[in-house]
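So the sequence shown is numbered by the numbering used here: it starts at 706 and just counts up by one. Where is the CB? At the ideal position from N, CA and C, for every residue including glycine. None of these values were measured; they are calculated from a predicted model.
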Amino acid sequence: MCTRLMPAIDQSVVRLEAAQPGVAAPDPMAQQMLTEIKRDAFLQKADFSTPFEAKAQQLPLGDEPLLITDAQLSLQTGGGLAITFQEKNPDMPVKSCQLNLQASLVHGLIHLIHQALVKADWGYTPAPVVQTTDAPGEAAPVAPRYTH
Numbered sequence: 706m707c708t709r710l711m712p713a714i715d716q717s718v719v720r721l722e723a724a725q726p727g728v729a730a731p732d733p734m735a736q737q738m739l740t741e742i743k744r745d746a747f748l749q750k751a752d753f754s755t756p757f758e759a760k761a762q763q764l765p766l767g768d769e770p771l772l773i774t775d776a777q778l779s780l781q782t783g784g785g786l787a788i789t790f791q792e793k794n795p796d797m798p799v800k801s802c803q804l805n806l807q808a809s810l811v812h813g814l815i816h817l818i819h820q821a822l823v824k825a826d827w828g829y830t831p832a833p834v835v836q837t838t839d840a841p842g843e844a845a846p847v848a849p850r851y852t853h
């Protein structure tokens, strides 16, 4: 799932950064460079060393973690990215979790996913982002592919 999600989320963050007010990035190369500059600026300020403390009193999706089988990405008019993660199992009802993230948090999420993929040692290498001609706000469709 992560190997299918990452190219789409990378494209979405480029579009998200290019859509910010006051941004003049006319071509895909300039948009990619702008995104890398913004990502580097965020990562310099981010605190990834403080351990996470789980204090959740409610678990609306249950005790078990989601096994994400589908994800939808959409740019929001207010400048954020909505990510919906779904677990679809034919024997159970669909479970889902929606995140509405500003650009800086998308950079953090991408960083954490990359770290997890490296730790998992799945042989993942980030693919270069290719700008598509899709309408703004739509992620490029990715054909389903499952690996074990």
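| query | result |
| --- | --- |
| Which term fits Asp715, buried or exposed, when burial requires 16 or more other beta carbons within 10 angstroms of its beta carbon? | buried |
| Starting from the C-beta of Asp768, find all residues in its chain whose C-beta is less than 7 Å away, skip the five residues before and the five after it, and write them out in chain order. | none |
| Using CA atoms only, rank isn't needed, just tell me which of Gly783, Thr789, Gly785 is closest to Ala776. | Thr789 |
| Decide if Pro765 is buried, meaning its Cβ has at least 16 other Cβ atoms within 10 Å, or exposed. | exposed |
| Using the rule of at least 16 other Cβ atoms within 10 Å of the residue's Cβ for burial, across every protein chain shown, is Asp820 buried or exposed? | Here the sequence assigns Gln to residue 820, which means Asp is not the residue at that position. It is exposed - the Cβ of Gln820 has fewer than 16 other Cβ atoms within 10 Å. |
| Do Asn805 and Leu786 have their CB atoms nearer than 9 Å? | yes |
| State the DSSP-derived secondary structure class of Asp732, mapped to helix, strand or coil. | coil |
| Since Leu817 contacts Ser717 with CB under 8 Å, what's their CB separation in whole angstroms? | That belief does not hold up - the Cβ atoms of Leu817 and Ser717 are roughly 16 Å apart, past 8 Å. |
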